[in-house]
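Numbering (this note's numbering), first residue to last: 8 to 435.
Built from N, CA and C at the ideal position, the CB exists for glycine as well.
As the structure is a prediction and not an experimental result, all values here were calculated from the model.
To start, the structure under review is shown below, and the notes come after it.
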Amino acid sequence: MVNTAGAGQVAPAQSSDQTILTAAEAAQARKNERRRKTVACLFVTPLLLFVLIAFIAPIGTMLYRSVYHPTVSQLIPDTLQSLSGWDDSTGIRPEDAVLNIFSLELQRLAKERKAGKLAEEINRARPGSSSLIKSTARKLKKIDRNELATGGADQLLALKPQWQEVELWRVIKRSGAPFTDKFYLTALDLSRDKAGDIVPRDTRIYLQLYWKSLKIALLITVLTAIIGFPLSYYLANAPAKTANTLMVFVLLPFWTSLLVRTTSWIALLQTNGVVNSFLQWTHIITEPIEMLYTQFSTVIAMTHILLPFMILPLYSVMKGIDPSYFRAALSLGAKPIPAFIRIYMPMTLPGISAGALLVFIISIGYYITPALVGGTDGQMISNIIAFHMQSSNNWELAAALGSLLLGLIMLLYWVYDRTVGVSNIKLG
Numbered sequence: 008m009v010n011t012a013g014a015g016q017v018a019p020a021q022s023s024d025q026t027i028l029t030a031a032e033a034a035q036a037r038k039n040e041r042r043r044k045t046v047a048c049l050f051v052t053p054l055l056l057f058v059l060i061a062f063i064a065p066i067g068t069m070l071y072r073s074v075y076h077p078t079v080s081q082l083i084p085d086t087l088q089s090l091s092g093w094d095d096s097t098g099i100r101p102e103d104a105v106l107n108i109f110s111l112e113l114q115r116l117a118k119e120r121k122a123g124k125l126a127e128e129i130n131r132a133r134p135g136s137s138s139l140i141k142s143t144a145r146k147l148k149k150i151d152r153n154e155l156a157t158g159g160a161d162q163l164l165a166l167k168p169q170w171q172e173v174e175l176w177r178v179i180k181r182s183g184a185p186f187t188d189k190f191y192l193t194a195l196d197l198s199r200d201k202a203g204d205i206v207p208r209d210t211r212i213y214l215q216l217y218w219k220s221l222k223i224a225l226l227i228t229v230l231t232a233i234i235g236f237p238l239s240y241y242l243a244n245a246p247a248k249t250a251n252t253l254m255v256f257v258l259l260p261f262w263t264s265l266l267v268r269t270t271s272w273i274a275l276l277q278t279n280g281v282v283n284s285f286l287q288w289t290h291i292i293t294e295p296i297e298m299l300y301t302q303f304s305t306v307i308a309m310t311h312i313l314l315p316f317m318i319l320p321l322y323s324v325m326k327g328i329d330p331s332y333f334r335a336a337l338s339l340g341a342k343p344i345p346a347f348i349r350i351y352m353p354m355t356l357p358g359i360s361a362g363a364l365l366v367f368i369i370s371i372g373y374y375i376t377p378a379l380v381g382g383t384d385g386q387m388i389s390n391i392i393a394f395h396m397q398s399s400n401n402w403e404l405a406a407a408l409g410s411l412l413l414g415l416i417m418l419l420y421w422v423y424d425r426t427v428g429v430s431n432i433k434l435g
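What follows is the structure, given as C-alpha cells:
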C-alpha cells in the first residue's frame with residue numbers, strides 16, 4: 008500500500024538558523040580562533056627566544072664587530088678630529104697643532120694606563136709602532152701639561168724622530184675610523200697602499216687556510232661516505248638482533264666525551280703508539296712514522312668522530328627501501344652489481360645527501376680535534392679564529408674570519424641546493 012499523503016508536496020527548506028551564524032556567534036568563533044593561535048604561539052615562544060639568544064644574536068654581534076672598531080676613536084678623539092682636515096696624500100706630516108693635541112692625549116693615556124691599548128691597535132696596521140708609542144708615552148708622562156699644549160710637537164720630535172714620518176700619521180688617521188673594512192681585507196690577504204687602493208699582501212695566510220679547510224672537509228665527507236655506506240647497508244639488511252648490537256657500537260661515540268675520543272687518537276698515532284708499534288712488529292716499517300700532529304691525523308680522527316653523522320641518515324633511508332625493487336630487477340635478468348648501482352643506490356641519495364651535508368658543515372668549522380692532533384700542519388681556519396680571540400685579542404679580525412666562513416658555507420649550501428636539491432634530503 009502506497010502512502011500518497013505527501014504526494015505533490017514540496018519538502019520544507021532547511022532552516023537558515025542551522026547554517027548561518029549570528030553576529031554574536033561569529034564574534035565568539037573568531038575569539039576562540041585567536042585564543043587558539045595565541046596558545047600555539049606561547050608554546051613556540053621559548054624556542055624562538057632560544058634561537059634568538061643562542062643563534063641570531065651572536066651571529067649579528069659577530070657581523071657587527073667585523074666592521075665596527077671604535078677603539079682608536081675612543082682613545083684619541085681630539086687627535087682624529089684635528090687629523091680630519093689633513094690631506095695624507097701631500098707627503099707632508101700634520102701641522103704642529105695636531106701634534107700638540109696628540110701629545111696631550113698620549114700623556115693622558117699614559118696616566119690612565121691605556122697607552123698600551125693604543126700601541127697595540129696602531130701596531131696591527133704598522134708593525135713596529137708599539138715600542139714607539141709606549142716609550143713616548145712614558146716620557147711624556149713626566150712633562151708638564153701646559154708645556155705640551157704649546158710645544159707638544161717639539162717634544163714628540165725631540166723624543167722620537169719617527170713622529171716626523173707621514174706614513175705613521177696616515178696609519179693613525181685610518182685606524183681612527185669607527186667603521187672599517189680593514190679586517191675583511193686582512194682576512195682576504197689584502198690591504199690598502201698609500202693611495203688607498205686595495206692590493207695583495209706580501210704574506211698570504213688566510214686564503215690558504217680557507218682552501219685547506221675546504222679540502223679537509225671534502226676529504227672527510229668522502230671518507231665517511233665510503234666507510235659509512237657499506238656499514239649502513241649491512242645494518243639495514245642484517246637480522247634485527249645483529250643490527251641492534253651493531254647500532255650500539257655506532258651510537259657509542261655519542262656516549263663518550265669528544266675530548267676522550269680525540270685524545271685516544273694521540274695514544275694510537277704517536278711515535279711510540281699502537282699503530283707504529285704494530286707496523287714495526289709486522290716489519291712493515293723499520294722506523295716510526297710521524298703520523299701525529301699532521302694533516303693525516305686530523306683527517307683520520309675527524310673521520311672517526313663524524314662517521315655516525317653519515318651512518319644514521321643512510322641507515323634510516325636504507326631501512327625504508329623496499330627490497331622487492333632489487334629482487335624484481337634480478338628476476339628480470341639484471342646482474343647484481345649493475346642492478347645495485349642503477350636501482351638501489353639512486354634510492355639512497357636522500358640519505359647520502361643528508362649525511363654529506365651534515366659531515367661537511369660540521370667538519371669545515373671543527374676546532375677541538377685539529378687543535379689537539381693536527382699540530383701546525385693540520386690546523387684549520389677555526390683554529391686561527393680561536394687564536395685571534397684568545398691569544399692575539401683581535402676579536403674584530405676573528406669576527407671577519409668567522410663571517411667569511413659563514414658566507415662561504417651559505418654559498419656552498421646554495422650551490423648544493425641548486426645542484427642536488429635540499430628537498431631531496433631525508434634524515435629519517
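Name, in chain order, the residues that DSSP records as bridge partners for residue i.
i       : result
Arg-199 : Ile-205
Phe-186 : Tyr-75
Please report the residue range of the alpha helix (DSSP H) in which residue i lies.
i       : result
Pro-345 : 343-346
Ser-399 : Here Ser-399 belongs to no alpha helix (DSSP H), and DSSP marks it neither H nor E.
Leu-116 : 103-118
Pro-315 : 302-326
Met-254 : 247-258
Tyr-351 : No alpha helix (DSSP H) contains Tyr-351, which DSSP labels as neither H nor E.
Trp-218 : 213-244
Gly-98  : Per DSSP, Gly-98 belongs to no alpha helix (DSSP H) and is neither H nor E.
Leu-155 : 152-166
Phe-333 : 331-338
Asn-39  : 30-58
Thr-86  : 84-90
Helix, strand or coil: which one does DSSP assign to residue i?
i       : result
Thr-11  : Confidence at Thr-11 is low in this model, with a pLDDT of 46, below 50, so the placement of that residue should be treated as unreliable; the coordinate-derived value is given next. Three-state DSSP puts Thr-11 in coil, outside helix and strand.
Tyr-374 : coil
Arg-133 : coil
Val-427 : coil
Gly-382 : coil
His-290 : coil
Gln-169 : helix
Lys-149 : coil
Ile-273 : helix
Asn-283 : helix
Thr-143 : helix
Met-387 : coil
Met-298 : coil
Trp-93  : coil
Lys-180 : helix
Lys-124 : helix
Pro-19  : Its pLDDT being 47, under 50, Pro-19 is placed unreliably by the model, and the measurement read from it follows with that caveat. Coil, per DSSP.
Ser-410 : helix
Ser-360 : helix
Ser-80  : helix
Ile-27  : coil
Thr-278 : coil
Thr-193 : helix
Figure out for me which residue from the options has the closest Cα to the Cα of residue i.
i       : options                               : result
Gln-215 : Ser-323, Phe-236, Gln-386 and Lys-118 : Gln-386
Leu-116 : Val-255, Ser-80 and Gln-88            : Ser-80
Ser-136 : Gly-327, Ala-126 and Glu-102          : Ala-126
Ile-307 : Asn-107, His-290, Ser-271 and Pro-53  : Ser-271
Trp-176 : Ile-60, Val-427, Gly-98 and Leu-408   : Gly-98
Asp-85  : Asp-95, Ser-138 and Ala-104           : Ala-104
Trp-170 : Pro-185, Ile-150, Thr-143 and Ala-184 : Thr-143
Glu-119 : Ile-129, Ser-138, Asn-130 and Ile-83  : Ile-83
Arg-100 : Thr-52, Ile-179 and Ala-47            : Ile-179
Val-281 : Pro-295, Trp-421 and Met-254          : Pro-295
Arg-334 : Ile-350, Tyr-322 and Ser-89           : Ile-350
Phe-393 : Ala-407, Tyr-374, Val-380 and Gly-381 : According to the sequence displayed, residue 393 carries Ala and not Phe. The shortest Cα separation from Ala-393 among Ala-407, Tyr-374, Val-380 and Gly-381 belongs to Tyr-374.
Leu-266 : Ala-64, Pro-377 and Glu-403           : Pro-377
Gly-372 : Ala-64, Lys-222, Pro-185 and Leu-106  : Lys-222
Met-2   : Gly-414, Ala-407, Trp-421 and Tyr-420 : Any question about residue 2 goes unanswered here, given that the chain covers just 8 to 435.
Lys-201 : Val-257, Arg-133, Lys-38 and Trp-402  : Arg-133
Ser-89  : Thr-78, Leu-106, Val-74 and Ser-73    : Leu-106
Could you tell me whether any non-hydrogen atom of the ligand ATP is closer than 7 Å to the CB of residue i?
i      : result
Thr-68 : The ligand ATP is not part of the structure shown, which contains no ligands of any sort.
I believe residue i touches residue j by the beta-carbon criterion, under 8 Å. Please report the beta-carbon distance rounded to the nearest angstrom.
i       : j       : result
His-76  : Thr-187 : 6 Å
Leu-192 : Arg-181 : So it is not a contact: roughly 12 Å between Cβ atoms.
Met-325 : Val-366 : Not really, about 17 Å apart at Cβ, beyond 8 Å.
Leu-111 : Leu-155 : 5 Å
Ala-363 : Thr-228 : 5 Å
Leu-321 : Ser-239 : 4 Å
Asp-95  : Val-173 : 7 Å
Arg-122 : Ile-140 : For clarity, residue 122 is Ala in the given sequence; the question names Arg instead. That pair is a contact at about 6 Å.
Ser-264 : Met-309 : Not confirmed; about 16 Å, so no contact.
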